[in-house]
Every structure is written in structure tokens, then in C-alpha cells.
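Here's the structure, in C-alpha cells; my notes come after.
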Amino acid sequence: MKKPISADSHITEPQHCYVDYIDPKFRDRAPRMERLNKIGDAFVIEGLASPMPTGPVVAAGKDPLQITARGAFAAARMAGWRSG
Numbered sequence: 007m008k009k010p011i012s013a014d015s016h017i018t019e020p021q022h023c024y025v026d027y028i029d030p031k032f033r034d035r036a037p038r039m040e041r042l043n044k045i046g047d048a049f050v051i052e053g054l055a056s057p058m059p060t061g062p063v064v065a066a067g068k069d070p071l072q073i074t075a076r077g078a079f080a081a082a083r084m085a086g087w088r089s090g
């Protein structure tokens with residue numbers, strides 16, 4: 007049996023990409039990374055009812071059994087977000 011692979015979990019936005027690269031007039035409303043007590047690092051996005059936890063977002067290359075909602079951006083593989 008072949009192991010399934012994920013075709014969409016290999017790219018992760020850097021922590022501050024939205025704040026650093028958005029037009030300054032929208033910076034206060036830009037999605038931003040925050041450390042939250044119950045879920046760890048999460049993107050907080052205006053208009054979403056709940057923050058987006060980074061656990062599933064930084065899952066590239068992980069065993070599916072080790073993927074949790076709680077996570078830290080530092081757990082992301084740099085190849086998923088660093089260019090150059």
C-alpha cells in the first residue's frame with residue numbers, strides 16, 4: 007500500500023508576512039501571529055470567529071498522528087516558509 011501525501015501542506019506564510027508586506031494603511035487590520043494560551047501560535051484574522059492555529063498549518067512532513075491543533079510556528083520546517 008502506498009502512503010498518502012498532502013499536496014497542500016508544504017507552504018507556510020512567514021509569521022509577519024502580512025504585517026511586513028501590506029500597504030501601511032491596512033497594517034492595523036492585517037492578519038497577525040499571536041501566541042494564545044490554549045492553542046499556541048495562531049494567525050488572528052479580522053472577520054474570522056476564531057484564530058487559525060498553526061499546528062495544522064506547519065504540518066508538512068509530519069506523521070499525521072503527530073499533527074495537533076496546538077502548535078508553535080517554530081516547529082515549521084524553514085523550507086516551507088523561507089525563500090532564497
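Sequential numbering from 7 applies to the sequence shown in this note's numbering.
Even glycine gets a Cβ: it sits at the ideal position worked out from N, Cα and C.
If you check the beta carbons only, do residue i and residue j fall under 7 Å apart?
i, j, result
"P57", "A48", "yes"
"R35", "E52", "yes"
"V64", "A75", "no"
"P37", "Y27", "no"
Exposed or buried, what is residue i when buried is set at 16 or more other beta-carbons lying within 10 Å of its beta-carbon?
i, result
"P62", "exposed"
"M39", "buried"
Going by alpha carbons, who is nearest to residue i out of the options?
i, options, result
"I45", "Q21, K68, F79", "F79"
"N43", "Y24, K68, P59", "P59"
Can you name the start and end residues of the alpha helix (DSSP H) that residue i belongs to?
i, result
"V25", "23-27"
By the DSSP assignment, the beta strand (DSSP E) with residue i in it spans what residues?
i, result
"G61", "Counting along the chain, G61 falls outside any beta strand (DSSP E), though it belongs to the alpha helix (DSSP H) covering 60-63."
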